[in-house]
Each structure stands twice: as C-alpha cells, then as structure tokens.
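Keeping their order, the protein sequence lines are chains A and B. Convert by adding 1 to the 1-based position in the first sequence; the result is the number in our numbering. Convert by adding 340 to the 1-based position in the second sequence; the result is the number in our numbering. Where is the CB? At the ideal position from N, CA and C, for every residue including glycine. Notes to accompany the following structure.
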Amino acid sequence: MITDLLKETFWSLSGNKVRSGLTILGIVIGIASVITMVSIGQGAKNSIESNIESIGSNLIIVMPGSSHSSNVNQGRGSAQTLTIEDADAIKASIKSVKAVAPEVSKRYQITTKGNNTNTQIIGTVSDYLIARNIAMDNGSFFSDMQIKSSAKVAVLGSTARDDLFGAGVNPIGQTIRINKIDFKVVGVTKAKGGSGFSNPDDSVYVPISSAMHFLSGDDYVSDISVAAVDQSSMADVQEQINQLLLNRHKISDAGLADFNIMNQNDIISAATSVTGTFTILLSSIAGISLLVGGIGIMNMMLTTVTERTREIGLRKAVGVKRIYINLQFLAEAVALTFLGGAFGVILGWIASHAVSYFVSSLSAEISLSAVLLAFGVSASVGIIFGFYPARKAAAMSPIEALRYE
Amino acid sequence: MIKCENIKKIYKNGDVETIALKGVSFHIEEGEFVAIIGPSGSGKSTLMHILGALDVPSEGEYILDGKKVSKMNDDELSQLRKSKIGFVFQSFNLLPRTTALRNVMLPLLYSGIPAKEREIKARKALKYAGMEENKFLNLSNQLSGGQMQRVAIARSLINDPAIILADEPTGNLDTKTSQVVMKTFQELNAKGHTIILITHEEEIADYANRVISIRDGVIEKDITKKK
Chain A
2 MITDLLKETF
12 WSLSGNKVRS
22 GLTILGIVIG
32 IASVITMVSI
42 GQGAKNSIES
52 NIESIGSNLI
62 IVMPGSSHSS
72 NVNQGRGSAQ
82 TLTIEDADAI
92 KASIKSVKAV
102 APEVSKRYQI
112 TTKGNNTNTQ
122 IIGTVSDYLI
132 ARNIAMDNGS
142 FFSDMQIKSS
152 AKVAVLGSTA
162 RDDLFGAGVN
172 PIGQTIRINK
182 IDFKVVGVTK
192 AKGGSGFSNP
202 DDSVYVPISS
212 AMHFLSGDDY
222 VSDISVAAVD
232 QSSMADVQEQ
242 INQLLLNRHK
252 ISDAGLADFN
262 IMNQNDIISA
272 ATSVTGTFTI
282 LLSSIAGISL
292 LVGGIGIMNM
302 MLTTVTERTR
312 EIGLRKAVGV
322 KRIYINLQFL
332 AEAVALTFLG
342 GAFGVILGWI
352 ASHAVSYFVS
362 SLSAEISLSA
372 VLLAFGVSAS
382 VGIIFGFYPA
392 RKAAAMSPIE
402 ALRYE
Chain B
341 MIKCENIKKI
351 YKNGDVETIA
361 LKGVSFHIEE
371 GEFVAIIGPS
381 GSGKSTLMHI
391 LGALDVPSEG
401 EYILDGKKVS
411 KMNDDELSQL
421 RKSKIGFVFQ
431 SFNLLPRTTA
441 LRNVMLPLLY
451 SGIPAKEREI
461 KARKALKYAG
471 MEENKFLNLS
481 NQLSGGQMQR
491 VAIARSLIND
501 PAIILADEPT
511 GNLDTKTSQV
521 VMKTFQELNA
531 KGHTIILITH
541 EEEIADYANR
551 VISIRDGVIE
561 KDITKKK
C-alpha cells in the first residue's frame, strides 16, 4: 500500500515536470527570500553591536556637565570642570578600576610634506589603550616619561596614517605638523573598524600634557574614560566615581553635579533599541515575503488540483477508495513543499553567504528560527491548499468529477 | 446477473425536480452483449451511471451479481466498481503523460498485488485488447484514438470484471477505427464477457445481440436478436 502510494506520488510529480518545477520554484523563492532577509538583518544587528563593543569593554565615561551663566544653560560637556587631578583621584581611590584615561580632544588641521587632513587630536595617557581596547600595529605608544615631559610625539590611527602618508607606508620617525607645531610619529595603532562619530582609526594621539601645553592651552580635560575590571562592578564603580567627584567638586546636591557619567551599558541599551526597531522592520519585510510566497504556493496548488479533478474522477471510477486519493494528494503536497523547502533553505544559505562575502562590513547570520518559520509557513500553506481542494474533489461523485472542465 | 426493478432517478436542483428515469426494469444474463440506445436526454446516461455503480437510484432495486447496490455508501461503491465493473469512456480518460502499461495497472492500485504480477496482468490485458506490444511503454498522449481506446479496454479488463460498461466508446473515433473497436468488443463477448454498451448510434448498437431502447426515462423496446 505504502509503496503504491509513494510510486503514484513519484510518477505523478515526475510525469509533469513543468508543473512540479514551477510549484517548487514558488516555494524555493518564498523560503529563500525570508531566510536571506532575516539573516542580513541579523548580521546588520550583530555588526552594530560588535561596533559598540569595540569602543571598549566595561567602559565608563565621565564628561563635564553643562555650564550655565546667568541662567542660560549651555550644552552638556561644554563646561570645563574635569581635570587630570580628578582622573588621578579616581585611579588612586577607587578599587575595581582597571584603567583611567583622561583625554583632551579637538579637531585640527594636520599637515605633512605634501598631504594634509583634518582630524581628531586626542591628548591622553597610556591607560587609554586599555580603556578603549586599542592595540599597536607598529612602533609604540608614548611612555609616562614622555607624558611628564610634554614630548612632541604622536601616534597615528591607521586611517590617519593612510591619509597622511599613504596606505602601508611606515611613518615612524617622520614628522607631522599640528597647529604649526611639529610632532614626531612614534607609532601606529591597529585598525579597529568604525564606531560611530569618533572613529578611533581616524585619530592622532599625543601625550595629554603636550595637548594641553601646545594645543588647547588650558588644564581641563574633555572626558575621562574609566575601565572597570568586569561587567558586574560597573554600577558600583559608577556610583563611587559619582561620590568622589561630588566631594572633590564640593557639591552637596547631586542634582547640581557639574559632570555626567555615562556607562557603556547605557550606550548599548540605546543601540539595542535601535537594533530592535531594525528587527521589527526586517520581520515585517520577511512577513510580507512570506505572505507573497504563501499566496504563490496557494495559487499553484489550487490550479494543480482543479486541473486534475478529472483525474480524480477517473481514479474514483476505477474503484480507488477516497482515502487513497486523499493520501496521494497529501503526499504530493508534502513532497513538493519539502523538496521546495530544502532547496529554499540551501538557496537562502548561499544567498546569505554571498552577501557576507561581497559586503565585507556585514556578516549575515542564518537564524534557525527564520528557517523554521519560513519552512513551517510555506509547508502548511502548501499542504493545506494542495490537500484541501483534492479532498473536496475526491468527495465529489465520480461522474461530476469526470465531467469537470 | 443484473436485475433492475422499477428504477427511478430524480435530480433535484433547488425547487426544480427532473425525473430522468421513470421506473425501468430489466434483467441481463451472464455473457450477454447488450446495447442501450436512446437519443440525448432519454435517460440512458443516468441508467449507465446507475449500472456502473457511479450513482445510486432514487427508488427501486439494482442487484449486481447478487449484491444490492441501491443502498451502498461511497467506499462500498468504489469497492464494487473495482471488483465487478470495467469502464470504457467516450473520452478514453487515460492518465495524461503516463505509459499505456501504467494506465492499465491503475485499477490494481492499493490492491496488495505485487508489482511483477501487476505488470504481467497488464501486459496480458493489453494483448487481449489487441494492442501492439511495442506501444506498451508509449505515453498516453502519443497514442492514436483507436490505441487509446484499446488501452482503456485493457484497463477495464484487468480486474476480470463481471460486466464491461462502455459509454459511447466510439464517440470520438472515426468510422474505420470504430469498426475495429466494436469488433474487439464482439471478440470479448465471444470469450464470455458480459458487455453493456451505451450509444445513440443505431449502427453501433447493431454489433450487440440485444438492444434496449430508452426514451423519456422509460424502456421503449427490448429486442433480442436471434443468433
């Protein structure tokens, strides 16, 4: 019985290759498009998240608060309230802190022989490498000695190096001119990938003392990066910094604090809400593709069965029982949807990998739930619309079915 | 073998009732070759559907080979058609894009008979129906009208049915092929098969030994030829 059923299914599908092929194609495209859409979305989401991670791990950033004079509030970060001493105090008195890096940053025009660019100059200390997850590619970062002596040395980000000297050129020992003052290049950082507006690759690092003496001309810092030893101590560290700075700045009311503390988790949660919106967008696109694919499958199945009503009538007339006719059409629908589904998953997989291959910034990730969803929906649509009309046709009297045009 | 007692068939379409058969009674014995003849609208197709267990009468009794058909349900009718009746249709009704051999094997589906045996039976039936052996594996759409009807006849024979029911079997064939097909039926009859032929053509009905004429849902004439 079962071999009969399988044989009939096989013959019936292989006997009409165009019809079966088109049905399978509809299913393949439906499934593949959903899988590809979702995996591209997932990949985009992951790359946004890893970009945020690359800013630094367990990072807390202390920024100056807004300055206000005669009741006119300036923007946050505009005040000059944080100093190197604040940073030293944090490092000295708070446990669970791995690195503290005050920084002074501003954009300047930088020139070399023949080239120039406008980029971020970051005056900082060696802890910056730890706090911001930066690694050296070439040469070395400036030492504490060089910071103390306000040495005129600079470390280039890889993009800044490319802009000033050309890709792959070793600039160590060369001179760059920032704000009409010559700095000697001592190192190049490893490329890290963009992370928003402040691209660590497109920056030039100088000792913080040199930045203060030669460039900004004052004692205030733009912000202080603090790296906690681990994720769990971040909240505690943040609170301690808050207390310490309130004491140091002699502020009793926490609401009037002249600084802000930003936690990397805040940034991540903001970004998560962005990627959440992104996910909703992609899900709706996937949903629409699924709907369109489903309607395609439904059409194909309905046409097929209608076209075959006479065949159903004949089978009934020669005495094939209704249940076997039902089973055969069910088996055909299952075979078509599963065949199509399998090809669809493979095609979706290939397409997602092709996207990752050609768009290097995006590594598409195939999600199992998308595969299951796409497969499940198209299989149920295919089976319902392949089986239900066939069931109706099999319930017809054979005379009616035979006369059906 | 076949007993029809006062068979009536009434079709209802909304409030309109159409009486297709107004009480038809006759017997057919084993080995007969009967033609049921009548113009369109006479009720002969309705009678054929009832004889072929494709439909049940509204009133009256139909007994085939000792079995009361009138009260059967869908699956019982299927079983009966499978074991007792071979159909030959006007439009052949072969499975499209399917070999002659597989078409003939269709009624053996789900019968539990091994595949080898099915093929032997089907080949035998095809030969019996006068099909050339080199056409056995041709697809149904590559066959001529006469060949298709032979395949259909072979299919009707495969289960060794009590009766062969032919509904206008020559309706789609030219005169010469019609003659060949009708000769085939005569040969089958000579070998002992009971054949019921439904037609509206006198000359086709002439091939049979007994002619039942139907008009307006009643039997008009029932003439048995002397052999």
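Kindly say whether T305 of chain A, judged by its beta-carbon, lies nearer than 9 angstroms to any beta-carbon of chain B.
-> no
In the DSSP assignment, what are the bridge partners of M137 of chain A?
-> A:T190
Taking only beta carbons into account, state which residues of the region 368-401 of chain B come closer than 7 angstroms to chain A, listed in chain order.
-> Flagged, chain order: H389, L394 and D395.
Taking any Cβ of chain B, which residues in the region 378-401 of chain A have a Cβ under 9 angstroms from it, in chain order?
-> A396, S398, P399 and I400
Counterpart residues of S144 of chain A in DSSP-defined beta bridges | Paired residue(s): none; S144 of chain A is not in a bridge.
If we ignore side chains and look at the alpha-carbon of each, how far apart do A100 of chain A and I91 of chain A end up?
-> 10 angstroms
What is the residue span of the alpha helix (DSSP H) that N300 of chain A lies within?
-> Q265 to E308
Where V170 of chain A falls, given that 16 or more other Cβ within 10 Å makes a residue buried = exposed
Distance, I28 of chain A Cα to N200 of chain A Cα | 44 angstroms
For L361 of chain B, does the count of other Cβ atoms within 10 angstroms reach 16, so buried, or fall short, so exposed?
-> buried
Confirm, please, whether the CB-CB distance from V364 of chain B to I559 of chain B is below 9 angstroms.
-> yes
Would you say L337 of chain A and L14 of chain A are within 9 angstroms of each other, going by their C-beta atoms?
-> yes
For I262 of chain A, does the three-state DSSP call read helix, strand or coil?
-> strand
G16 of chain A at chain B interface by Cβ criterion, 9 angstroms | yes
Helix, strand or coil for I41 of chain A per DSSP?
-> helix
Secondary structure of G342 of chain A, DSSP reduced to three states = helix
Run through DSSP, which three-state label would M397 of chain A get?
-> coil
Helix, strand or coil at M235 of chain A [DSSP, three-state] | helix
Assign V335 of chain A to one of three DSSP states: helix, strand, or coil.
-> helix
Relative to the C-alpha of V444 of chain B, which residue among B:E401, B:R490 and B:I453 is closest?
-> B:R490
Identify which residue in B:R463, B:K407 and B:I425 has its Cα closest to the Cα of C344 of chain B.
-> B:K407
When the Cα atoms are used, what is the spatial distance from V428 of chain B to A332 of chain A?
-> Distance between the alpha carbons of V428 of chain B and A332 of chain A: 29 angstroms.
Express the C-alpha separation of I123 of chain A and D224 of chain A in angstroms, rounding to a whole number.
-> D224 of chain A and I123 of chain A: Cα-Cα distance of roughly 11 angstroms.
Limits of the beta strand (DSSP E) - the one that N346 of chain B falls within = I342 to N353
With a CB to CB cut of under 7 angstroms and the five nearest residues on each side skipped, what residues in its chain are close to S211 of chain A?
-> G124, S151, A152 and K153
Hey, out of A:S159, A:F388, A:T278 and A:I347, whose CA is closest to N327 of chain A's CA?
-> That would be A:F388, whose Cα lies nearest to the Cα of N327 of chain A.
Backbone CA spacing between K191 of chain A and D202 of chain A [nearest angstrom] | 8 angstroms
Where does Q110 of chain A fall in DSSP's three states?
-> strand
Nearest-angstrom Cα distance between I503 of chain B and L373 of chain A?
-> 54 angstroms
Cα separation between V39 of chain A and I281 of chain A?
-> 10 angstroms
Given 8 angstroms as the limit, is there contact between the region 548-557 of chain B and the region 380-388 of chain B, that is, 3 or more CB pairs closer than that?
-> yes
Neighbourhood of G314 of chain A by C-beta distance below 6 angstroms, restricted to the same chain and skipping five residues each side = P399, A402 and L403
In whole angstroms, what is the alpha-carbon distance linking K352 of chain B and T358 of chain B?
-> Distance between the alpha carbons of K352 of chain B and T358 of chain B is about 6 angstroms.
Taking Cβ-Cβ distances below 8 angstroms as the criterion, which residues of the region 410-424 of chain B are in contact with chain D?
-> The chain labelled as chain D is not found among the protein chains of the depicted structure, namely A and B.
Is it right to say S290 of chain A is buried, meaning 16 or more other beta carbons lie within 10 angstroms of its own, or is it exposed?
-> buried
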